[in-house]
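Asks: To start, I am sharing the structure in question, which I have written as structure tokens.
There are 2 protein chains.
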Amino acid sequence: MRKKEPIDNPSVGVVSTEYFTFAGPAEPFELLCGRTIGPVTIAYETYGALNAEKSNAILIAHALSGNAHAAGYHSHEDRYPGWWDEYIGPGKAFDTDRYFVICSNVIGGCDGSTGPSSIDPATGKPYGLSFPMVTIRDMVNAQWHLVRHLGIDSLLAVAGGSMGGMQALKWSILYPGMVRSVIAIATSASVSAQAIAFNEVGRQAIFKDPAWNKGDYYGMQAPDSGLSLARMIGHITYMSETLMHEKFGRRLQESAVSDFDFNREFLVETYLHHQGFKFVNRFDANSYIYITKAIDFFDLAKDHGGMISAFEKVSSNFLVVSFTSDWLYPSTQVKEIVKALRVNGKNVVYTDIETDKGHDAFLVKNRALEKNIANFLKSHADNNT
Amino acid sequence: MRKKEPIDNPSVGVVSTEYFTFAGPAEPFELLCGRTIGPVTIAYETYGALNAEKSNAILIAHALSGNAHAAGYHSHEDRYPGWWDEYIGPGKAFDTDRYFVICSNVIGGCDGSTGPSSIDPATGKPYGLSFPMVTIRDMVNAQWHLVRHLGIDSLLAVAGGSMGGMQALKWSILYPGMVRSVIAIATSASVSAQAIAFNEVGRQAIFKDPAWNKGDYYGMQAPDSGLSLARMIGHITYMSETLMHEKFGRRLQESAVSDFDFNREFLVETYLHHQGFKFVNRFDANSYIYITKAIDFFDLAKDHGGMISAFEKVSSNFLVVSFTSDWLYPSTQVKEIVKALRVNGKNVVYTDIETDKGHDAFLVKNRALEKNIANFLKSHADNNT
Numbered sequence: 001m002r003k004k005e006p007i008d009n010p011s012v013g014v015v016s017t018e019y020f021t022f023a024g025p026a027e028p029f030e031l032l033c034g035r036t037i038g039p040v041t042i043a044y045e046t047y048g049a050l051n052a053e054k055s056n057a058i059l060i061a062h063a064l065s066g067n068a069h070a071a072g073y074h075s076h077e078d079r080y081p082g083w084w085d086e087y088i089g090p091g092k093a094f095d096t097d098r099y100f101v102i103c104s105n106v107i108g109g110c111d112g113s114t115g116p117s118s119i120d121p122a123t124g125k126p127y128g129l130s131f132p133m134v135t136i137r138d139m140v141n142a143q144w145h146l147v148r149h150l151g152i153d154s155l156l157a158v159a160g161g162s163m164g165g166m167q168a169l170k171w172s173i174l175y176p177g178m179v180r181s182v183i184a185i186a187t188s189a190s191v192s193a194q195a196i197a198f199n200e201v202g203r204q205a206i207f208k209d210p211a212w213n214k215g216d217y218y219g220m221q222a223p224d225s226g227l228s229l230a231r232m233i234g235h236i237t238y239m240s241e242t243l244m245h246e247k248f249g250r251r252l253q254e255s256a257v258s259d260f261d262f263n264r265e266f267l268v269e270t271y272l273h274h275q276g277f278k279f280v281n282r283f284d285a286n287s288y289i290y291i292t293k294a295i296d297f298f299d300l301a302k303d304h305g306g307m308i309s310a311f312e313k314v315s316s317n318f319l320v321v322s323f324t325s326d327w328l329y330p331s332t333q334v335k336e337i338v339k340a341l342r343v344n345g346k347n348v349v350y351t352d353i354e355t356d357k358g359h360d361a362f363l364v365k366n367r368a369l370e371k372n373i374a375n376f377l378k379s380h381a382d383n384n385t
Numbered sequence: 386m387r388k389k390e391p392i393d394n395p396s397v398g399v400v401s402t403e404y405f406t407f408a409g410p411a412e413p414f415e416l417l418c419g420r421t422i423g424p425v426t427i428a429y430e431t432y433g434a435l436n437a438e439k440s441n442a443i444l445i446a447h448a449l450s451g452n453a454h455a456a457g458y459h460s461h462e463d464r465y466p467g468w469w470d471e472y473i474g475p476g477k478a479f480d481t482d483r484y485f486v487i488c489s490n491v492i493g494g495c496d497g498s499t500g501p502s503s504i505d506p507a508t509g510k511p512y513g514l515s516f517p518m519v520t521i522r523d524m525v526n527a528q529w530h531l532v533r534h535l536g537i538d539s540l541l542a543v544a545g546g547s548m549g550g551m552q553a554l555k556w557s558i559l560y561p562g563m564v565r566s567v568i569a570i571a572t573s574a575s576v577s578a579q580a581i582a583f584n585e586v587g588r589q590a591i592f593k594d595p596a597w598n599k600g601d602y603y604g605m606q607a608p609d610s611g612l613s614l615a616r617m618i619g620h621i622t623y624m625s626e627t628l629m630h631e632k633f634g635r636r637l638q639e640s641a642v643s644d645f646d647f648n649r650e651f652l653v654e655t656y657l658h659h660q661g662f663k664f665v666n667r668f669d670a671n672s673y674i675y676i677t678k679a680i681d682f683f684d685l686a687k688d689h690g691g692m693i694s695a696f697e698k699v700s701s702n703f704l705v706v707s708f709t710s711d712w713l714y715p716s717t718q719v720k721e722i723v724k725a726l727r728v729n730g731k732n733v734v735y736t737d738i739e740t741d742k743g744h745d746a747f748l749v750k751n752r753a754l755e756k757n758i759a760n761f762l763k764s765h766a767d768n769n770t
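Sequence order for the protein chains is A and B. Per the working numbering: the first sequence = residues 1 to 385. Per the working numbering: the second sequence = residues 386 to 770.
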């Protein structure tokens, strides 16, 4: 493969993934499950410049299938920019003319940060299922090491959607003195039984693929079949029924008449297969099962003695956003977070954005979301720096 | 296995499955796809007695995973009665003291009626994927042969939930002179893109199981792993989020503390696995893919030149029921049926029953549903016989 030429993005300049490694035998990184790992590598990218006062840093936390590459293009060969390019750049919601934006791949992930596909120094082989179970707390603690490494004592904001919102909330609880504001979008203090159920059938799709081989498949045929099915299931839950109807309805693939066979005939089937197919080229099945478990385990009320206690000591300002058509992380659940914050007298801006885009609304262009983020950040950047 | 003793049910008497066979080389049964099959066997059960005028017959049509055994127990060994026992029996909604109730297994099914697991007379081997694609119309046409065989010219009602409701609606359109009333519950004139998507991921779970072997697995290891996953996915969609929350919440299986592993820890996971496990003992994977395709293909508007035209010539009275928490066949879709009927000036009773039981609400005891069915039947039995 020809080496890709890095490009100077007209928006966010040259974008490249950096790697920071910490912890080791002498100073291992301790996880909530009681086990330790080390060394731990964190893949991250930054956009914009840190100001002299180091007061303009924003940490972006990604969702289940995200990575450190949040904005711009790495090379001319890239078909798509970073996953949150719509929101990060000069004049955008996370305005890189004003803010220093950091995004890192979560531990347990598969895009440069230490995860089940990484080499276990103890064996010289990929961890596979011997990788310890990671939690949202562990992801946040690893990010803390990165932030400190970058010389930052205080974050203007931690922001994210879905699992990214969980990390943002956890940051405010674990490091109250370091997080001036939190932007938590389409997230939950603990996912519903239904969301756990969907995650579990996704994991089962992987477990049932013979190629999964109890997580030991590196260097061999990967469980692409199971992972693509997991992704197909997931995608149904990320879209609203209305959006699916608008996008596909009951339209057939090519012919207007049914062929009376089991080929993919409806457009919605073809779309899901395409999503599943694309995903296996960029994601590791073991990371999928570890990260979905981290999502399922996340439970602020349980971990902090109730929802009210959870937010008792936070000192951040909060922007909390839900989407009216998000049925995976519904507004009713998001409002529980807002309620608990308000009982504690915290400063919260809450908005339930009207959209038919479902849970994934935060990943696509949404003027209301842009405005909310931009204004919230401006007000707190001006007040606190 | 010891032969089971048939029992005299205190409610519906001795219940046994009967078999009716029709069609053959001389007189093949023609399907919508253009292919023919024969002989065709229909497994059916009846409860109550046909009156002298033959005017009290009700045909019950089952949903995706149902069968002919709708009421009573076959033997003392049975742990559960027929699938609609709650609604069929003396003094129940389908009052067997008054009505002659018939329930048959759909063609394409696996509980006695001709389907992909049946022996193809041309080869002496199970059909497998050489079984022709069946549609709701074909199911209804096969039932017509059974009804005629039973000497019945006119049905007091055709009733069913979900796919059963589709059959009931189709009966009224195909045989307007034979169906005095229709009871269509939690059904649709054509399922949504989202419902097709869920059916497709279920089918993919089966296709991806190596044991499926392109449908050729009879006498060998069946694709239980894929079929159980399909059932798990399905079960999520049959329940409301509220019901799941009430039944399971985020409660863990046994220990109160997470074990930090991939075992089934949340109660909802265990429940789904149990449903998947139970299902493979009673259902055929090929029937699952054929019947879900029949559901996806069902489209009254498309097949009859629009929703209004579809019901133009029907002469039945209709009871149409939806459930407020049914998100698979939502009330909004059910109302489309009611609207089209009313535009045509048909006699429709419509009720949106308040329940948190989701799509499967029609399978469990529901006082409002009982009352609605009982009263609707009484009024039309009295008026028309």
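Backbone N, C-alpha and C define an ideal beta-carbon position, used for all residues, glycine too. None of the values given here were measured: they were computed from a predicted structure.
Per DSSP, which one or two residues make a beta bridge with A:SER322?
Replies: Position 322 of the first sequence, counted from the start, is the residue given in the question as residue 322 of chain A. Per DSSP, A:ASP352.
Asks: Closer than 9 angstroms by beta-carbon distance: list the chain B residues that pair up with A:ALA23, in chain order.
Replies: Working through the first sequence from its first residue, we reach residue 23 of chain A at position 23. Neighbours of A:ALA23 on chain B: none; closest Cβ ~19 angstroms, over 9 angstroms.
Asks: Using beta carbons (cut-off 8 angstroms, strictly below), is A:ILE233 in contact with chain B?
Replies: Taking the first sequence and counting its residues from 1, one reaches residue 233 of chain A at position 233. So yes, A:ILE233 belongs to the interface.
Asks: A:ALA386 bridges to which residues according to DSSP?
Replies: Residue 386 of chain A lies beyond the residue range present for chain A, which begins at 1 and ends at 385; the question has no answer from this structure.
Asks: According to DSSP, which residues form a beta bridge with A:SER75?
Replies: Indexing the first sequence from 1 puts residue 75 of chain A at position 75. As a beta-bridge residue in DSSP terms, A:SER75 pairs with A:PRO6.
Asks: Indicate whether at least one CB of chain C lies closer than 8 angstroms to the CB of B:PRO595.
Replies: Looking at the structure shown, chain C is missing, and the protein chains on hand are A and B.
Asks: Just to confirm the assignment: which complete alpha helix (DSSP H) runs, minimum length 4, are found wholly within the stretch 159-190 of chain A?
Replies: 163-174
Asks: Determine the extent of the alpha helix (DSSP H) in which A:ILE236 is found, giving its start and end residues.
Replies: Counting from one through the first sequence, the residue named residue 236 of chain A turns up at place 236. That run of the alpha helix (DSSP H) goes 224-238.
Asks: Here's the rule: buried if 16 or more other CB atoms are within 10 angstroms of the residue's CB, otherwise exposed. What is B:ASP745?
Replies: As a first step, residue 745 of chain B is located in the second sequence; it is residue number 360 there, counting from the start. Under this definition B:ASP745 is a buried residue.
Asks: At what residues does the alpha helix (DSSP H) containing A:ALA294 begin and finish?
Replies: The residue given as residue 294 of chain A occupies position 294 in the first sequence. Here the alpha helix (DSSP H) through A:ALA294 covers 285-297.
Asks: With DSSP as the reference, label A:LEU377 as helix, strand or coil.
Replies: For the purposes of this step, residue 377 of chain A is taken as the residue at position 377 of the first sequence. Reduced to three states, the DSSP call for A:LEU377 is helix.
Asks: Check the Cβ of A:HIS245 against every Cβ in chain B and list those closer than 8 angstroms, keeping chain order.
Replies: As a working note, residue 245 of chain A is residue 245 in the first sequence. For A:HIS245, the neighbours in chain B by C-beta distance under 8 angstroms run, in chain order, SER577, ALA578 and GLN579.
Asks: Within 8 angstroms, do at least three Cβ pairs link the stretch 336-355 of chain A to the stretch 203-212 of chain A?
Replies: Flag = no, the stretch 203-212 of chain A and the stretch 336-355 of chain A do not touch.
Asks: Under a three-way DSSP split, which group does A:PRO121 fall into?
Replies: To locate residue 121 of chain A, count along the first sequence from 1; it is residue 121. Coil at A:PRO121, not helix or strand.
Asks: Terminal residues of the continuous beta strand (DSSP E) containing A:SER104?
Replies: As a first step, residue 104 of chain A must be located in the first sequence, where it is residue number 104. Looking at the DSSP string, the run of the beta strand (DSSP E) that includes A:SER104 is 100-104.
Asks: Kindly give me the distance between the Cβ atoms of A:LEU272 and B:ALA582, rounded to whole angstroms, as I take these residues to be in contact under 8 angstroms.
Replies: In the first sequence, residue 272 of chain A corresponds to position 272, counting from 1. In the second sequence, residue 582 of chain B corresponds to position 197, counting from 1. Correct: roughly 6 angstroms between the Cβ atoms.
Asks: Can you list the residues of chain A that B:LYS678 reaches, using a CB-CB cut of under 7 angstroms?
Replies: Here residue 678 of chain B is taken as the residue at index 293 of the second sequence, counted from 1. The contacting residues are PHE262.
Asks: When Cβ atoms are compared, which residues of the stretch 498-525 of chain B fall closer than 7 angstroms to chain A?
Replies: MET518
Asks: For A:ASP85, count the other beta carbons within 10 Å of its own beta carbon; 16 or more makes it buried, fewer makes it exposed. Which is it?
Replies: Within the first sequence, residue 85 of chain A is the residue found at index 85, counting from 1. By the 10 Å Cβ count, A:ASP85 comes out buried.
Asks: Tell me the residue span of the alpha helix (DSSP H) that contains A:ILE136.
Replies: Taking the first residue of the first sequence as position 1, residue 136 of chain A is located at position 136. A:ILE136 -> alpha helix (DSSP H) spans 136-149.
Asks: For A:ARG251, I'd like the list of residues in its chain whose CB is within less than 6 angstroms of its CB, leaving aside the five on either flank, ordered along the chain.
Replies: The residue given as residue 251 of chain A occupies position 251 in the first sequence. The beta carbon of A:ARG251 is closer than 6 angstroms to those of LEU267 in its chain, skipping five residues each way along the sequence.
Asks: Which residues in chain B have a C-beta closer than 7 angstroms to the C-beta of A:GLU200? List them in chain order.
Replies: Counted from its first residue, the first sequence places residue 200 of chain A at position 200. Ordered by position in chain B, the residues that pass the 7 angstroms Cβ test against A:GLU200 are GLU654 and LEU657.
Asks: Using C-beta distances below 6 angstroms, list every residue in its chain close to A:ALA23, excluding the 5 sequence neighbours before and after it, in chain order.
Replies: As a working mapping, residue 23 of chain A is identified with position 23 in the first sequence. The answer, listed in chain order, is PHE29, GLY38, PRO39 and VAL40.
Asks: Beta-carbon within less than 7 angstroms of A:GLU312's beta-carbon, same chain only, minus the 5 sequence neighbours each way: which residues are those?
Replies: If you number the first sequence from 1, residue 312 of chain A lands on position 312. Only ASN344 meet the Cβ criterion.
Asks: CA-CA distance, A:THR114 and A:ASP326?
Replies: In the first sequence, the residue the question calls residue 114 of chain A occupies position 114. In the first sequence, the residue the question calls residue 326 of chain A occupies position 326. Just so you know, the alpha carbons of A:THR114 and A:ASP326 end up roughly 31 angstroms apart.
Asks: Applying the 10 Å Cβ sphere with the 16-neighbour rule, what's the burial state of A:VAL338?
Replies: Locating residue 338 of chain A in the first sequence gives position 338, where the first residue counts as 1. Residue burial is scored here from C-beta neighbours: A:VAL338 has at least 16 other C-beta atoms within 10 angstroms and is therefore classed as buried.
Asks: Once you ignore the five residues that flank B:VAL564 on each side, which residues in its own chain have a CB closer than 6 angstroms to its CB?
Replies: Mapped onto the second sequence, residue 564 of chain B falls at position 179. Sequence-distant Cβ neighbours of B:VAL564 in its own chain, meaning closer than 6 angstroms and more than five residues away, are LEU540, VAL543, TRP556, SER557 and SER701.
Asks: Taking the continuous beta strand (DSSP E) assigned at B:ILE443, which residues delimit it?
Replies: The count along the second sequence starts at 1 and reaches residue 443 of chain B at position 58. 442-446 is the extent of the beta strand (DSSP E) around B:ILE443.
Asks: Between which residues of its own chain and A:PHE277 is the CB-CB distance below 8 angstroms, once the five residues before and five after are set aside?
Replies: What you label residue 277 of chain A is simply residue 277 of the first sequence in a count that begins at 1. Hits under 8 angstroms: SER228.
Asks: Does the pairing of the stretch 281-291 of chain A with the stretch 214-226 of chain A give three or more beta-carbon distances under 8 angstroms?
Replies: yes
Asks: By Cβ distance, which residues of its chain are closer than 6 angstroms to A:THR385, with the 5 residues on each side in sequence left out?
Replies: Taking the first residue of the first sequence as 1, we reach residue 385 of chain A at position 385. Any reading at A:THR385 is ruled out, since the residue's pLDDT is 42, under 50, leaving its predicted position unreliable.
Asks: Please identify the residue among B:ASN757, B:ASP646, B:LYS750 and B:ALA574 whose C-alpha is closest to the C-alpha of B:GLY690.
Replies: One-based indexing of the second sequence puts residue 690 of chain B at position 305. Among B:ASN757, B:ASP646, B:LYS750 and B:ALA574, the Cα nearest to that of B:GLY690 belongs to B:ALA574.
Asks: What residues of chain A sit near B:LEU614, judged by a beta carbon separation below 9 angstroms?
Replies: Sequence index remark: in the second sequence, residue 614 of chain B carries index 229 (1-based). Residues of chain A passing the Cβ test: VAL201, GLN204, ALA205, LYS208 and LEU229.
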